[in-house]
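**Q** Quick one: this structure, given as structure tokens, is what I'll be asking you about.
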Amino acid sequence: MNYSIAIIGSREAILGFRALGVETVAAKDSQEATEKLFELKKTKQVIDGAETETPKFAIVFITEDLAENISRDDYKKLSIGALPAIIPIPSHQGTTGFGLTKLRRVVEQAVGSDIMG
Amino acid sequence: MAILNVNPTRMNLLNLKKKVKTAIRGHKLLKDKQDGLMQKFMEVIKEAKAVRTEVEKEIGGAFKNFLSASSLMHPEMLENALMFPKAKVDLEVTTKNVMSVHIPQFKLNKEGEVVTYGFAETSGELDLALVSFSNVFELLIKLAEIEKSAENIADELEKTRRRVNALEHVLIPNLNDTVKFIYMKLSEAERSAITGTMRIKNMLEEQGK
């Protein structure tokens, strides 16, 4: 099964990815990004004009500055299910450290305490 | 500890004893699973951290190239140049099963040229920027794969931990207590039956005299 890749971010950040063939979605703030994320999660693959059950996107990248302010509840809803994977990446303004914070959160969930130091 | 709501009968005692055995075995199995998952998780998280640090380093360079390209070019020109990408990416996804956790494996298929615009109106920096984006992209896919794996394993680990704890601290002690309770009740009934018969025997003997 083949999937597409999408990226959500501010216009400047995503422009470069467009040339690579990634589907780009512009969002100004976290709220807009959240809405777009839900939309992308709902998008299904279309084969021969018929909608299938498999999601279209396997990976949705989102720039850290937008990902940071997505509420935990929304994030939990978004990360249910195997795909898509929602991955925060640094934006053109440099990293905010949110990616590592997220990793730390995952560790905390799994182990029960933060052992990454 | 709480005692289960059952009648203190021999039947229930036997059933409960069987249940205790199953629970203990289940607990052992789950504990093993938890250990296995934890080991895998540690590996994955270590790798995830390494890849993320690398991505943060690399992507900074790519954005820097892109920024310098966009500063040299007219924004509209830039937009035009990137309007219709010829390159296509799609992702082959397979899943691997690790301790009943499905871990995604991404395989990137790239098609077409990244640089698909006339050279007259664009700066050379843009070409450079796109090439560096293209290079960093594979790393990003790897990051996605590893982080999603970590997330899935963490989910399963949490669930398993809850189950292990529930068995260890709630279900098994409760079952044990109930078994003990029924056992006591039954022995008490037995003793009471014996003393009862003894008393009746005495009474009968006295009457017979």
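Just so you know, the protein sequences line up as chains A and B, in that order.
For the first sequence, position 83 (counting from the first letter as 1) is numbered 83 according to this note's numbering, and the numbering increases by one without interruption.
Take any residue in the second sequence, note its place counting from 1, add 1000, and you have its number in this note's numbering.
The C-beta atom is built at its ideal place from N, Cα and C for all residues, glycine as well.
These numbers come from a predicted model, not from an experiment.
1. To be precise: take each residue of the stretch 5–25 of chain A, compare its Cβ to all Cβ atoms of chain B, and keep it if any distance is under 8 Å. Which residues remain?
2. Below 8 Å between beta carbons is the criterion; list the residues of the stretch 1121–1142 of chain B that meet it against any residue of chain A, in chain order.
3. Name the chain B residues whose beta carbon is nearer than 7 Å to that of T95 of chain A?
4. For S1100 of chain B, tell me which candidate among B:K1180, B:V1170, B:K1040 and B:L1204 has the shortest Cα-Cα distance.
5. Less than 8 Å between the C-beta atoms of A999 of chain B and I1045 of chain B, yes or no?
6. Would you mind reading off the limits of the alpha helix (DSSP H) that contains N2 of chain A?
7. Classify H1102 of chain B as helix, strand or coil using the three-state DSSP reduction.
8. Helix, strand or coil for N1097 of chain B per DSSP?
9. Quick check on A1002 of chain B: does DSSP put it in helix, strand or coil?
10. How should V1170 of chain B be labelled, buried or exposed, when 16 other C-beta atoms within 10 angstroms of its C-beta is the threshold for buried?
11. Less than 8 Å between the beta carbons of V1164 of chain B and K1031 of chain B, yes or no?
12. With a threshold of 6 Å on Cβ separation, who are the neighbours of L37 of chain A within its own chain once the five nearest residues in sequence on each side are excluded?
13. Whole angstroms is fine: what's the gap from V1098 of chain B's alpha carbon to S1068 of chain B's?
14. Are the Cβ atoms of V22 of chain A and A33 of chain A separated by less than 8 Å?
15. Could one say the Cβ of A27 of chain A lies closer than 8 Å to chain B's Cβ atoms, at least one of them?
16. At a cut of 8 Å, does the stretch 1125–1138 of chain B reach the stretch 8–23 of chain A through at least three beta carbon pairs?
17. In chain order, what residues of the same chain lie with their CB nearer than 7 Å to the CB of E64 of chain A, ignoring the 5 residues before and after it?
18. Short check: CB of I103 of chain A to CB of K1049 of chain B, under 8 Å?
**A** According to the structure shown:
1. Residues of the stretch 5–25 of chain A whose Cβ lies closer than 8 Å to any Cβ of chain B, in chain order: I5, E12, A13, L15, G16, F17, R18, A19, L20, G21 and V22.
2. From the stretch 1121–1142 of chain B, only A1129, L1130, F1133, S1134, F1137, L1140 and I1141 have a Cβ closer than 8 Å to chain A.
3. The contacting residues are E1056.
4. Shortest Cα-Cα distance from S1100 of chain B to any of B:K1180, B:V1170, B:K1040 and B:L1204 involves B:K1040.
5. What is shown of chain B runs 1001 to 1209, which leaves residue 999 of chain B out entirely.
6. Counting along the chain, N2 of chain A falls outside any alpha helix (DSSP H), though it belongs to the beta strand (DSSP E) covering N2 to G9.
7. Strand at H1102 of chain B.
8. Annotated three-state conformation of N1097 of chain B is strand, per DSSP.
9. In this structure, A1002 of chain B counts as coil in the three-state DSSP scheme.
10. Its Cβ having fewer than 16 others within 10 Å, V1170 of chain B is exposed.
11. Their beta carbons are under 8 Å apart, which means V1164 of chain B touches K1031 of chain B by this criterion.
12. Answer for L37 of chain A: L78, listed in chain order.
13. For V1098 of chain B and S1068 of chain B, the distance between alpha carbons rounds to 44 Å.
14. Not a contact, by the Cβ cut-off of 8 Å.
15. No Cβ of chain B is located within less than 8 Å of the beta carbon of A27 of chain A.
16. By the Cβ criterion, the stretch 1125–1138 of chain B is in contact with the stretch 8–23 of chain A, since at least three pairs of Cβ atoms, one from each stretch, lie closer than 8 Å.
17. Only P88, I89, P90, S91, T95, T96, F98 and G99 meet the Cβ criterion.
18. One detail in the question is off: residue 103 of chain A reads as Leu in this sequence, not Ile. Inclusion of L103 of chain A and K1049 of chain B in the CB contact set at 8 Å is warranted, their separation being smaller than that value.
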